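Take the position in the sequence shown, starting the count at 1, then add 63; the result is the number in this note's numbering.
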Amino acid sequence: MPAEGATAVPPPPPTLRTTLRRAAFGAVAAGVLLAGALVAVPDGDRDAPKEPGPVERAEAAATAGSPASLSDLTALIGDRQKWVESHPDDAPSWATLGSAYVEWGRRSADAAYFGRAEEALKRSLDARPGERGNGEAWVGMAALANARHDFLAAKRWGETVRKQDPKAWSVYPVLIDAYTGLGDVKAATGATEKFGELRKGVPALARTADLYRGQGWREDALATAREAADRATEPAEKAEALHRLGELAWERGEPEEAVAQFDAALRTDSGHHASLAGKARALVALERTDEALAAYQSAVTGLPRPEYVLELGELYESLELDGDARSQYEKLGGLLEQAKAAGVDESVIRARYESDHGDPAVAVELLRGQWKKQHRSAAVADALGWALHRAGKSEEGLEYAQQAVDTGVRNASYAYHLGVIEQQLAQYGPARRHLEEALRTNPAFSPLDAPKAREALETLGEPSPGGPGDTQPPPPPPPAPVPEPKRESGPEPKPERKREPEQEPKRESPRPEAPAPAPSKTPPAPSKAAPGTPAAVEADASKSP
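If you want it as structure tokens, here you go:
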């Protein structure tokens, strides 16, 4: 009989049991930490080195800070489940099991695993509190909080570990994710640099490339991502690196290169569904619509992430397939409800849907809540600015949209949103510049919005030579002259001197308004908290995990 409480963690999915049986591995010694360790080969077996099994490979990947393959991760889960049944007080094994559940839930888009992860991690902390050396369970709790998009909680867990052991390299990836979700670029940069000092190799290169990408340093991001891809050896790690190259190519407006990189990732790991979704996005830009639809459908079947379902729905809508679009939006609603039930905050995705396809006022409410929770990333700032505009509050939305663009990230959607808001506010020069920037960055950034960006530019027209006309639409044509009445007789009057038309005073091109401080009853305005520096942590942030 299993020990009391051991069965509280459900077994792996039935569909994976065949893999588990095939990958069965003897229970490892108690005390193996989350990072794991390779099993030493006895001296007598030097002539015939033992081939690492799936559990050992998963542990080796964890040791390097790299992703394990899903089959190896599944084997590790099965191994630790079996072990804790007979060793219920083995805190490290519970921590490993809980962290593996987090990783599985994140990579399979199955939020149900997060509840299992929380239970296993709490069992670990009950057996050995974090203050007594169980930092890996705290790291697991931080990873779980990030997966649920609770970035303040992740920050608290992670900083507690760092305070206890600043050289614990495994805490820095979760801190990077937490700081990024909070929009604290300075802290994320520091954590990335520290991770690189403590753990050199492909994982550090990957994190550095992501940092450069978020700051708009495209050439640096590309060079670092290429180095990571060149140095990656294990299939799961290689596929992640190639996927990153595909995303960078897509953002640069190079769909052919993006498809090539995503295909390379899929050849390395056929189950890398994120690359399948990325390929679908690029195929739309290449007008290979049937292939794109097939790729999207496969991606959302294998990895039902809400953002992929929203993208597919918008593709159907752009093709005027309203029934298919509606089906995807209904599916999106179901996924968001499941996520909410599992404790995952998907407010940003829901707000994106509500802004363009539902009720913008709902989107504003959701995103104000995110801002109040100090979730102030570029993605949240952009979404809030756009939601305010769609809700008829363009002037307030302007500063949030401007903040998203000011982070430096090269995101065509952010530039498009800012340009449309500026056009609404009669800031025609900046509007033209940002709409042109969106289409220059990625001419096919969205099947719905890219055509709208072109229409908006056509409405604005070309800037007049000399500059002042760049600030406003072309003036209306002058009224037709009124014919003078015919005279019966008398001398012909002298022609009047033709008057020059009055010239409108020249105006400087309006500059984007400086963000004004937000009133005390509203969430802090972006101008009061720069993209890299969130406001003071809420009262509960001081509580220890």
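Virtual Cβ for every residue (Gly too), placed ideally from N, Cα, C.
Predicted, not measured: the structure shown is a model, and the values here were computed from it.
Option in R195, H212 and A217 with minimal Cα separation from A205: Along the sequence shown, read from residue 1 onward, the residue named residue 205 stands at position 142. It is A217.
Exposure label - E303; buried when at least 16 CB within 10 Å: For the purposes of this step, residue 303 is identified with residue 240 of the sequence shown, where counting begins at 1. Buried: at least 16 other Cβ atoms inside 10 Å.
Exposed unless 16 or more other CB atoms sit within 10 angstroms - verdict on G439: Residue 439 sits at position 376 when you count from the first residue of the sequence shown. First, the amino acid is wrong: residue 439 is Arg here, not Gly. Counting Cβ neighbours within 10 Å, R439 comes out buried, since at least 16 surround it.
Reduced DSSP secondary structure (H/G/I, E/B, other) of D385: Within the sequence shown, the letter at position 322 stands for residue 385. Looking at D385 - three-state DSSP - the assignment turns out to be helix.
heavy atom of the ligand PLP below 7 Å from A138 C-beta: The ligand PLP is absent from the structure shown, which contains no ligand whatsoever.
Beta-carbon proximity check, R389 vs L399, cutoff 8 Å: The sequence position of residue 389 within the sequence shown is 326, counting from 1. The sequence position of residue 399 within the sequence shown is 336, counting from 1. L399 sits away from R389, with the two beta carbons spaced by 8 Å or more.
CB contact flag (E459, L488, <8 Å): Taking the first residue of the sequence shown as position 1, residue 459 is located at position 396. Taking the first residue of the sequence shown as position 1, residue 488 is located at position 425. The criterion of a C-beta distance shorter than 8 Å is not satisfied by E459 and L488.
Classification of R415 by the beta-carbon crowding that lies within 10 angstroms, buried from 16 upward: The residue you call residue 415 lines up with position 352 of the sequence shown. Flag for R415 reads buried.
Local conformation of P505 per DSSP, three classes: For this step, residue 505 is matched to residue 442 along the sequence shown. According to the sequence as given, residue 505 is Asn; it is not Pro. Of the three classes helix, strand and coil, the one that applies to N505 here is coil, per DSSP.
Closest residue to E409 among D283, A442 and Y164 (Cα-Cα distance): Counting from 1 along the sequence shown, the entry for residue 409 is found at position 346. Answer by Cα proximity: A442.
Same chain, Cβ closer than 7 Å to R262, neighbours up to 5 away in sequence not counted: Locating residue 262 in the sequence shown gives position 199, counting from the first residue. Answer for R262: G128 and W232, listed in chain order.
Option nearest L366 by Cα separation, candidates E518, G198 and L133: For this step, residue 366 is matched to residue 303 along the sequence shown. Closest option to L366, Cα to Cα, is L133.
C-beta contact flag for L311 and L285 at 8 Å: Taking the first residue of the sequence shown as 1, we reach residue 311 at position 248. Taking the first residue of the sequence shown as 1, we reach residue 285 at position 222. With contacts defined as CB atoms closer than 8 Å, L311 and L285 qualify as a contacting pair.
For K301, the three-state DSSP class (helix, strand or coil): As a working note, residue 301 is residue 238 in the sequence shown. K301 falls in the helix class under three-state DSSP.
For E194, the three-state DSSP class (helix, strand or coil): Here residue 194 refers to the residue found at position 131 of the sequence shown. Taken through DSSP and simplified to helix, strand or coil, E194 comes out as helix.
P558 burial status per 10 Å Cβ neighbour count (16 or more: buried): To locate residue 558, count along the sequence shown from 1; it is residue 495. Confidence at P558 is low in this model, with a pLDDT of 41, below 50, so the placement of that residue is unreliable and no value is reported for it.
Own chain residues within Cβ distance below 6 Å of H212, not counting five before or after: To locate residue 212, count along the sequence shown from 1; it is residue 149. Same-chain partners within the cutoff: D408.
Separation of S476 from G277, as counted between CA atoms: Here residue 277 refers to the residue found at position 214 when the sequence shown is read from its first residue. Here residue 476 refers to the residue found at position 413 when the sequence shown is read from its first residue. Those two C-alpha atoms are separated by around 14 Å.
Reduced DSSP category for A183 - H, G, I as helix; E, B as strand; rest coil: Locating residue 183 in the sequence shown gives position 120, where the first residue counts as 1. Helix, per DSSP.
Neighbourhood of A321 by C-beta distance below 7 Å, restricted to the same chain and skipping five residues each side: Working through the sequence shown from its first residue, we reach residue 321 at position 258. Excluding sequence neighbours, A321 sits near G309, A312, W313, G341 and A345.
Rounded C-alpha distance that separates L143 from L375: Walking along the sequence shown from the start, residue 143 turns up at place 80. Walking along the sequence shown from the start, residue 375 turns up at place 312. Correcting the residue type first, residue 143 is Arg in the shown sequence and not Leu. Cα to Cα, the separation comes out at about 38 Å.
For E290, the first and last residue of its enclosing alpha helix (DSSP H): For the purposes of this step, residue 290 is taken as the residue at position 227 of the sequence shown. Per DSSP, E290 belongs to the alpha helix (DSSP H) from R281 to R294.
Rounded C-alpha distance that separates Y359 from H335: What you label residue 359 is simply residue 296 of the sequence shown in a count that begins at 1. What you label residue 335 is simply residue 272 of the sequence shown in a count that begins at 1. Here the C-alpha atom of Y359 lies approximately 13 Å from the C-alpha atom of H335.
Backbone secondary structure at N209 - three-state DSSP: As a position in the sequence shown, residue 209 is number 146, starting the count at 1. If DSSP states are grouped into helix, strand and coil, N209 belongs with the helices.
Bounding residues of the alpha helix (DSSP H) (the contiguous stretch that carries V118): Along the sequence shown, read from residue 1 onward, the residue named residue 118 stands at position 55. Run containing V118: P117 to A127, per the alpha helix (DSSP H) assignment.
Simplified DSSP state of W232, which is helix, strand or coil: Counting from 1 along the sequence shown, the entry for residue 232 is found at position 169. DSSP places W232 in coil when its eight states are reduced to three.
Terminal residues of the alpha helix (DSSP H) in which Q324 lies: The residue you call residue 324 lines up with position 261 of the sequence shown. Counting along the chain, the unbroken alpha helix (DSSP H) around Q324 starts and ends at P318 to T331.
Cβ pair count under 8 Å reaching 3, the stretch 220 to 238 against the stretch 178 to 188: Contact between the stretch 220 to 238 and the stretch 178 to 188 is absent: fewer than 3 CB-CB pairs across the two stretches fall below 8 Å.
Separation of G264 from S171, as counted between CA atoms: Residue numbering aside, residue 171 sits at position 108 when the sequence shown is read from its first letter. Residue numbering aside, residue 264 sits at position 201 when the sequence shown is read from its first letter. Cα to Cα, S171 sits roughly 26 Å from G264.
Spatially closest choice to A121 from P115, D135 and E114, by CA coordinates: Here the question's residue 121 lines up with position 58 in the sequence shown. Nearest of P115, D135 and E114 to A121, Cα basis: D135.
Cutoff 7 Å; reference A272; Cβ partners in own chain excluding five residues on either side: Counting from 1 along the sequence shown, the entry for residue 272 is found at position 209. For A272, where only same-chain residues beyond five positions count, the Cβ hits under 7 Å are A284, T287, A288, A291 and R307.
Those runs of the alpha helix (DSSP H) which lie wholly inside the stretch 383 to 467 and span at least 4 residues: The DSSP assignment places 385 to 404, 410 to 420, 423 to 435 and 441 to 453 as complete runs of the alpha helix (DSSP H) inside the stretch 383 to 467, in order along the chain (cut-off: 4 residues).
Reduced DSSP category for A604 - H, G, I as helix; E, B as strand; rest coil: Here residue 604 is taken as the residue at index 541 of the sequence shown, counted from 1. At A604, the pLDDT of 39 sits below 50, so the modelled position is not reliable; the number obtained from the coordinates is stated separately. Note: A604 maps to helix in three-state DSSP.
Sub-8 Å separation of Q486 and A519 beta-carbons: Stepping through the sequence shown from its first residue, residue 486 is reached at position 423. Stepping through the sequence shown from its first residue, residue 519 is reached at position 456. Their beta carbons are under 8 Å apart, which means Q486 touches A519 by this criterion.
8 Å CB neighbourhood of T504 in its chain, flanking five on each side removed: What you label residue 504 is simply residue 441 of the sequence shown in a count that begins at 1. A distance below 8 Å between beta-carbons, with the five flanking residues on each side excluded, links T504 to the following residues of its chain, in chain order: E314, R315, G316, R473, N474, A475 and A478.
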